[in-house]
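There are 2 protein chains.
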Amino acid sequence: MTPHPRRRRRGDDRREQIIDEALKAFADNGYRSTSIAEIADRCGLSQPGLLHYFPNKAALLEAVLDYRDRLDYDRLGFDQELHGKDALLRLAQLVDHNMHVPGLVRLFTVLTSEAVTADHPAHDWALNRYRDLQEFLAGALRAGIADGSIRREIDPAAVARQVFAMMDGLQLQWLVDPDNVDMAALFRAYIDELIAYIA
Amino acid sequence: MTPHPRRRRRGDDRREQIIDEALKAFADNGYRSTSIAEIADRCGLSQPGLLHYFPNKAALLEAVLDYRDRLDYDRLGFDQELHGKDALLRLAQLVDHNMHVPGLVRLFTVLTSEAVTADHPAHDWALNRYRDLQEFLAGALRAGIADGSIRREIDPAAVARQVFAMMDGLQLQWLVDPDNVDMAALFRAYIDELIAYIA
DNA sequence: GTCTATATAGCGATAGAC
DNA sequence: GTCTATCGCTATATAGAC
Chain A
1 MTPHPRRRRR
11 GDDRREQIID
21 EALKAFADNG
31 YRSTSIAEIA
41 DRCGLSQPGL
51 LHYFPNKAAL
61 LEAVLDYRDR
71 LDYDRLGFDQ
81 ELHGKDALLR
91 LAQLVDHNMH
101 VPGLVRLFTV
111 LTSEAVTADH
121 PAHDWALNRY
131 RDLQEFLAGA
141 LRAGIADGSI
151 RREIDPAAVA
161 RQVFAMMDGL
171 QLQWLVDPDN
181 VDMAALFRAY
191 IDELIAYIA
Chain B
1 MTPHPRRRRR
11 GDDRREQIID
21 EALKAFADNG
31 YRSTSIAEIA
41 DRCGLSQPGL
51 LHYFPNKAAL
61 LEAVLDYRDR
71 LDYDRLGFDQ
81 ELHGKDALLR
91 LAQLVDHNMH
101 VPGLVRLFTV
111 LTSEAVTADH
121 PAHDWALNRY
131 RDLQEFLAGA
141 LRAGIADGSI
151 RREIDPAAVA
161 RQVFAMMDGL
171 QLQWLVDPDN
181 VDMAALFRAY
191 IDELIAYIA
C-alpha cells in the first residue's frame, strides 16, 4: 500500500502485470491470434495505454519470452555444472513441476510450434533455446563420461536432443489430453531406462 | 487436356486444388492466422469463389485434415496387423520419409499445438489422432508379447506414448533447425535401442 | 501515464448479378 | 461456377487531449 515514489515505481508494476497477462493470453491462443487490446483489457487498460509500455506487439512478446526463460533456467540450475545423471534427474523434476503450471507449458509449446516458420518473431528465440538446452545437457553428459560414470560409447549431443524431444512430445500429448496422459510418470520411466542404458 | 464433362468434373479438380493450397497455407501459418482470401488467391479465385466449395473456414480445415490422415494411415499400413518390432520399424521408415515432406510435417506440428485449447476446431482431430496412433502401436506391442517376441514386463500403452512423443519432439526440433537436426537418424537410434530393450 | 478518437487494414460471411 | 459489392467485426498503430 501507499507506494513510495522513490523506490517502488508504478510503471514497473504495470510492466510486470502486462507481461503476466500477456503470458497467459499467448499460452491460451498463441501469439498471432492474441490481440494486445485483449491483454490490455485484462490489465484494466485501454489498448493505447498498454502500448505506452511496449512500442509494439513483438516487443511485448520478447519481454514475455525473456521472463519465461529466466524462470526455466533458474529452475534447471543452468549454471550449476551438473554431472550426467544429476542433470537427467533434474529434468525429471522439472517435468514433475510442469504438471502444476500448464499455462507455462502451453506457452512454450504453442509458441515454439508457431515459430517454426522463419519469419516468426520468436523463431530465433526457439532456435537459441534449443541450442542452450542441448548444450547444457550435452555438457553434463560429457562431464559424466569424463568422470567415468557414463560409458564412452554414448553420443552426448544425440542423447541430449532425444531427451528434449521426449520432453516436448509428452508435453504436447499431455496438453491435448491431460486426463489420460501422465506426462511426469512417462518421462521419469524414460529417464530411468536411459540412465540404466548409458551407465 | 480437353476435360470431358461427363467423367472429370471441374468442381472436383477445384476442390483438390483448394485443399492442396489450404494445406500449404495452414502448414506455414497455422489455421487461425491463415485467411481464406489468401488461399483463394493462391487458387486464382476470389474469396466468395472459394466459399462456393466449402461452406466456411472450419469445413475447409476438416477436409484438409481428412486428406492428411488418409496419406498417413496408408503409409503406416494401419490395417495390416503388424507385430511388435515390425510396427516400430515401420514408424522409423515413416520418419525417414517425413524428411522429404516438410510441409506435411509442419501442418501436423503447427495444427496440433494450436489445437491444445479445447475450443479449437481441430481439437477433436488431434485427440482422436493420438488415440488411434497409440492404439495401433500398443496393439502391435501386445501382439509381440503374445507371440513371445517382446518381454511381458513392458507396458504397451506407455511405450506407445513414448514412441510418438519422441517422434513429435524430434519433428519440432527438426522444423526449427533443419540443418542441424537429423531427425531420421535420431529416431532410428532410439527405435533400435528400444527394440533391444523390450526384446 | 492514460485516455478518446481515429486512420488504415484485414477478417469471415452473405446477397445477388452474370 | 464465379464474380462484385458490401456488412459487421476486429486488428495494430498513431495523434493528441488531459
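Just so you know, the protein sequences line up as chains A and B, in that order.
FYI, in full-length UniProt numbering the residues of the first sequence are 1 to 199.
FYI, in full-length UniProt numbering the residues of the second sequence are 1 to 199.
Where is the CB? At the ideal position from N, CA and C, for every residue including glycine.
A quick note: this is a predicted structure, and the numbers were derived from the prediction, not measured.
Can you look up residue i in the DSSP assignment and give me helix, strand or coil?
{"i": "T109(A)", "result": "helix"}
{"i": "A115(A)", "result": "coil"}
{"i": "M99(B)", "result": "coil"}
{"i": "R6(A)", "result": "Annotation note: pLDDT 42 at R6(A) (below 50); position unreliable, coordinate value reported separately. Of the three classes helix, strand and coil, the one that applies to R6(A) here is coil, per DSSP."}
{"i": "N128(B)", "result": "helix"}
{"i": "H123(A)", "result": "helix"}
{"i": "N180(B)", "result": "helix"}
{"i": "E193(A)", "result": "helix"}
{"i": "R32(A)", "result": "coil"}
{"i": "G77(B)", "result": "coil"}
{"i": "E153(B)", "result": "coil"}
{"i": "A199(A)", "result": "coil"}
{"i": "G44(A)", "result": "coil"}
{"i": "D86(A)", "result": "helix"}
{"i": "G139(A)", "result": "helix"}
{"i": "Y53(B)", "result": "coil"}
{"i": "M1(A)", "result": "Only weak support exists for where M1(A) lies, its pLDDT of 46 falling under 50; the value from the coordinates is given anyway. Note: M1(A) maps to coil in three-state DSSP."}
{"i": "D147(A)", "result": "coil"}
{"i": "D20(A)", "result": "helix"}
Kindly say whether residue i, judged by its beta-carbon, lies nearer than 8 Å to any beta-carbon of chain A.
{"i": "T2(B)", "result": "No answer about T2(B) holds up, because its pLDDT of 46 lies below 50 and its placement is not dependable."}
{"i": "F164(B)", "result": "yes"}
{"i": "R161(B)", "result": "yes"}
{"i": "E21(B)", "result": "no"}
{"i": "E193(B)", "result": "yes"}
{"i": "Y73(B)", "result": "no"}
{"i": "R8(B)", "result": "A caution first: R8(B) carries a pLDDT of 49, below 50, which makes its placement in the model too unreliable to give a value."}
Check whether the Cβ of residue i lies closer than 8 Å to any Cβ atom in chain B.
{"i": "L170(A)", "result": "yes"}
{"i": "L137(A)", "result": "no"}
{"i": "G44(A)", "result": "no"}
{"i": "Q173(A)", "result": "yes"}
{"i": "E62(A)", "result": "no"}
{"i": "residue 218(A)", "result": "A query on residue 218(A) cannot be resolved here, the shown segment of chain A reaching from 1 to 199 and no further."}
{"i": "P5(A)", "result": "In this predicted model, P5(A) has a pLDDT of only 45, less than 50, meaning its place in the structure is not dependable; the value taken from the coordinates is given anyway. No, P5(A) lies away from the interface with chain B (no Cβ there is under 8 Å from its Cβ)."}
{"i": "Y67(A)", "result": "no"}
{"i": "Y53(A)", "result": "no"}
{"i": "Y197(A)", "result": "yes"}
Could you check whether residue j and residue i sit closer than 8 Å to each other, using their CB atoms as the reference points?
{"i": "A25(A)", "j": "E16(A)", "result": "no"}
{"i": "A165(A)", "j": "G169(B)", "result": "yes"}
{"i": "L172(A)", "j": "T109(A)", "result": "yes"}
{"i": "A92(B)", "j": "F187(B)", "result": "yes"}
{"i": "L94(B)", "j": "L76(B)", "result": "yes"}
{"i": "K85(A)", "j": "I195(A)", "result": "yes"}
{"i": "residue 223(B)", "j": "L50(B)", "result": "Missing from the structure shown is residue 223(B); chain B here goes from 1 to 199 and no further."}
{"i": "L141(A)", "j": "I150(A)", "result": "yes"}
{"i": "E158(A)", "j": "Q134(A)", "result": "Just to set this straight, residue 158(A) is Ala in the shown sequence, not Glu. No. Outside cutoff."}
{"i": "L104(B)", "j": "G30(B)", "result": "no"}
{"i": "Y67(A)", "j": "L23(A)", "result": "yes"}
{"i": "P121(B)", "j": "A58(B)", "result": "yes"}
{"i": "A40(A)", "j": "S46(A)", "result": "yes"}
{"i": "L82(A)", "j": "R90(A)", "result": "yes"}
{"i": "D182(A)", "j": "Y130(B)", "result": "no"}
{"i": "T193(A)", "j": "Y197(B)", "result": "Note that residue 193(A) is Glu in the sequence shown, not Thr. Closer than 8 Å, so yes."}
{"i": "M99(B)", "j": "A27(B)", "result": "no"}
{"i": "W125(A)", "j": "L65(A)", "result": "yes"}
With 8 Å as the C-beta to C-beta threshold (strictly closer), list the residues of the segment 98 to 127 of chain B near chain A in chain order. R106, T109, V110, T112, S113, E114, A115, V116, T117, H123, A126 and L127
Tell me which residues of the segment 172 to 191 of chain A have at least one Cβ-Cβ distance to chain B shorter than 7 Å, keeping chain order. L172, Q173, L175, V176, D177, V181, L186, A189 and Y190
Can you give me, in chain order, the residues of the segment 23 to 37 of chain A that have a beta carbon less than 7 Å from any beta carbon in chain B? D28, N29, G30, R32 and S33
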